[in-house]
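Remarks on the structure that follows.
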Amino acid sequence: MTTTGKSRSGSDGGKSGNDYNRYTPADIEKKWQVKWEKDGIYNAADHVEGKENYFSLVMFPYPSGDIHMGHWFQYSGSDAYARFKRMQGYNVLHPQGFDSFGLPAENAAIERGEDPREWTYLNIENSRRQFREMGASYDWTRELVSSDPEYYKWNQYFFLQFLKNGLAYRKNGQVNWCPNDQTTLANEQVKDGVCERCGTTVTKRLMPQWYFAITKYADELLDFGGLDWPEKIKTMQRNWIGRSTGTTIGFDVSEFAAGEQIDTFTTRIDTVYGVTFVVLAPEHPLVEKLTQPAQKAAVEGYVENAARETEIERTSTEREKTGVETGAYCINPLNGERVPVLVGDYVLATYGTGAVMGVPAHDQRDFIFAKKYDLEIRVVVAPPNWDGGELEEAWIPAGTQVNSGEFDGMSSKEGIEAIANKIEANKWGERTITYHLRDWLISRQRFWGTPIPIVYCDDCGTVPVPENFLPVLLPESLKFEADGKSPLAMDPNFLNATCPDCGKAAKRETDTLDTFVCSSWYHLRFASPHPGEDPFDDEQVRAWAPVAAYQGGAEHAVMHLLYSRFFNKALRDLGYVDFDEPYTKLTNQGMLTKDGGKISKRSNPLPPDPVVERHGADTLRCYLMFLGPWDQGGDWSDSGINGITRWLRRIWDVAQRDESSLGSTGDETAERDLARAAHSTTQRVLADMDAFKFNTSIAALMEFTTALIRSYDAGKVSASAWREGVDRLLLHTAPLAPHIAEELWERSGHSYSIHLELSPKFDESLTVTDTVTLAVQVQGKLRDQVEVAADIDEAGAIAAAKSAENVARHLDGMTIVKEIYVPGRLVNIVVRPAN
RNA sequence: GGGGGAGUGGCGAAAUGGCAGACGCGCAUGCCUUAGGAGCAUGUGCCUUAACAGGCGUGUGGGUUCGAAUCCCACCUUCCCCA
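Note that my numbering has the first sequence beginning at 8, numbered continuously upward.
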């Protein structure tokens, strides 16, 4: 085997003397990257005769400086999938761009005096380089940069369409404020009471802000019909939307405030006869009116205190519930009872009606509250076999109505309906559906975003900027102060405008749009990147959208992924698209960690460039995909990458062996063995790639690589069979390691490009064997193995099993009770001692 | 407090009712080289045994089944989401 000998003796790891043919990624990767791009082989035509379009999209990155290792993990897998689909015969659109508005650019400006625009576009330049070095199959002709005026112009345009159609509005209210980022936040962007971006505790502020009316779509957003999404994401969205059905009921307080009533919402109206108090949120508008002179000082102090606490603190189950009496009473319309009105900070003004009816017997928080303030606990839904005595804790489940007037004896389920009917009949209240979801707050007090196209005129009020004046451009160079305030409000050139209606001097809106607006419709722009005078071209969008396969992180479950669904439905209703959902199939890649922790530039760095330099892009891509299941993420370790390096070297070696040492006809058994390995490899790889199981795909290809080497070394297969095997290996490797596959495809004498070829097919009849090895168990314990014909019948298999040496021993002196035969797998013989 | 993942060799992991540990890392031995992350072969869950063979083994405890990593119940640990 002179050829193998030559390549082996040469591959000694030396750096000098490249006289032998060694796999050096640096030599081939750059070459192909340049050629692929020059030839535009990944550029998608909107229509290709005989091919079905397939839009495979991965969430575009924020260009924070580097494409980091987490990005490599995400984009290697999604690229391999897009390449795989292309080789499955689809006309694939796999675009890439940059989500380039956002705070880090401004922070760089504030901290280091850099211009946010320059900073951003330099980062984009670097990220483009890294994407190219990855060998990703993006159609760069469709690249999209969300901070380009030609893109954000359309954010402004859609804002105006939404405004015109009642889907955007401005309202004054309590909003989430991040003191560090100096901006308001949408509810979705507050996690555990802290800013989702920077981790600072979020406070409340009263200020006028712009909103998108996502709640109008709350019910439709609960419908995931036809979506192939992870259950986890759907559950998170359902929970976030938080639809609950119940009853609103008014408690009369006219005794203390003329004509007023306290509205409360409850999902458990069956417990209404158990109301022994009513609690108002400290911010509730009636607090002041109801507070009696004797309680004034106590209530005011309490309200002031509550204002300083976060919602998390206030609603924590750990914390003791506190409250203070207003001195006022209200009337329960069902039984006419007069119950005290309190103020308690565990009630939030922002949810429901800002007041709750206190039913201590059937709500744990109310129970604790009542115990503390010595309020009556009256059972109205009896637990089974209730003895009429006091409860140890609140009884939450259903039961039988008691102490509930005419409703006594009903089940609580019947009670809910009957009591709600009575309330509606008497106009005391009504059945109500509430949602946890709030309208999407889109105003940000930041510079580096899409200016909201609004002008405020003393005479005309709030005036939208006419569409033909768009885009409202961000000013070029501005001063950034360390106090973090948006420089837009400070810039007279931007701030001062003329009113589009009356032409008088007016002030421009200085807030910018939440950057999630950009990502809400970017997929449509990818489908139609250069549409001329429209946000996108209908024909092109129809050709590609909705996105067939979307990949990205689960952290966007209730932000981007929910906003984007809303946006799509709004655009549909305004006539811009004709489908209901933007992303048909969603796959979440897991998180890549290092030493179990989050990878971060400062504390836990893992820059990809040095790894690429040392091992090559193909090696890194494959290693990241081989770490474990892609949707579960993985933990980076330096040690394992050698396994991939070795594998690619073995491919390099086997694909370039001299086939002239093999004959023109091969040994029948050897040929069949190789064919079986080939076809079962294809079977495994096709199924695994389609399911994003890159790790097991690679494992199958490693096994097949070994099989090819063995069969060459044994010298019994024909040159053509072996060559067919090598081609198959290269074709399956192409989506995973595109450069080496292309290089070896060329060196094998095939025509360019392997990436425009189709995946190999498999013949199921060739994947099976003539004989199978059956495991033989006695009492479910493995005792021996027997080789039998694959098509053996049950009696034959059992007979063969019994005759196996080690089995016979375990059957000695036993009576056979039962024999189980699983074709192709095992025989299990159940015995008991013979008497 | 509620909801959802996950728990398998020294390590990353396979296997979703049928031979646990595929594939890879690491390690060991040998070969070839010897230039300092090269290559090849063999082995590698734990325990008993010279060997044949046997026992144990997928977080813990129970259950269903001829047979359970896989299904059911309870618990422990851990991660994520929500309060």
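No residue lacks a Cβ here, since even glycine has one placed at the ideal position from N, Cα and C. On a predicted model such as this, the values are computed, not experimentally measured, just so you know.
Residue i (DSSP reduced to helix, strand or coil)
i      : result
Thr822 : strand
Tyr336 : strand
Glu437 : strand
Ala550 : helix
Cys525 : helix
Leu631 : helix
Gly84  : helix
Trp752 : helix
Phe62  : strand
Phe699 : coil
Glu307 : helix
Phe272 : strand
Trp236 : coil
Gly330 : strand
Ala496 : helix
Glu678 : helix
Trp217 : strand
Gly559 : strand
Ala33  : helix
Thr360 : coil
Counted within 10 angstroms of its Cβ, other Cβ atoms place residue i as buried (16 or more) or exposed
i      : result
Val470 : buried
Ser644 : exposed
Pro215 : exposed
Asp602 : exposed
Pro830 : exposed
Ala728 : buried
Ala432 : exposed
Glu748 : One detail in the question is off: residue 748 reads as Ala in this sequence, not Glu. Result: buried.
Glu118 : exposed
Glu227 : exposed
Cys509 : exposed
Glu195 : buried
Ala265 : exposed
Ile799 : buried
Thr254 : buried
Euclidean distance between Cα positions of residue i and residue j
i      : j      : result
Gln302 : Gly308 : 10 Å
Leu599 : Trp455 : 29 Å
Gly109 : Thr522 : 6 Å
Phe586 : Gly232 : 13 Å
Tyr82  : Trp236 : 19 Å
Asn50  : Leu100 : 8 Å
Tyr529 : Asp270 : 43 Å
Glu826 : Glu771 : 30 Å
Cys525 : Ser450 : 13 Å
Arg549 : Gly361 : 46 Å
Asp720 : Glu801 : 39 Å
His622 : Arg628 : 10 Å
Glu140 : Lys37  : 7 Å
Cβ-Cβ distance between residue i and residue j below 9 Å
i      : j      : result
Gly670 : Ala707 : no
Leu355 : Phe374 : no
Asp73  : Pro742 : no
Val286 : Val363 : yes
Leu789 : Ala797 : no
Pro636 : Asn702 : yes
Ala685 : Pro767 : yes
Leu737 : Ile658 : yes
Met566 : Ala193 : yes
Gly365 : Val388 : no
Thr517 : Leu485 : no
Ala225 : Ile240 : no
Suppose only complete runs of 4+ residues qualify. What are the alpha helix (DSSP H) ranges in the region 105-147, listed by chain order?
110-119 and 123-141
What ranges does the alpha helix (DSSP H) occupy inside the region 281-305, keeping only unbroken runs of at least 4 residues that lie completely in it?
293-297
List, from N- to C-terminal side, the alpha helix (DSSP H) runs of 4 residues or more that fit wholly inside the region 723-784.
726-740 and 745-754
Uninterrupted beta strand (DSSP E) stretches inside the region 153-204 (no shorter than 3 residues)
175-185 and 190-192
Entirely enclosed beta strand (DSSP E) segments - the region 370-446, minimum 3 residues
436-441
Could you name each continuous beta strand (DSSP E) segment of 3 residues or more that falls completely within the region 575-619, going from the start of the chain to the end?
590-595 and 599-601
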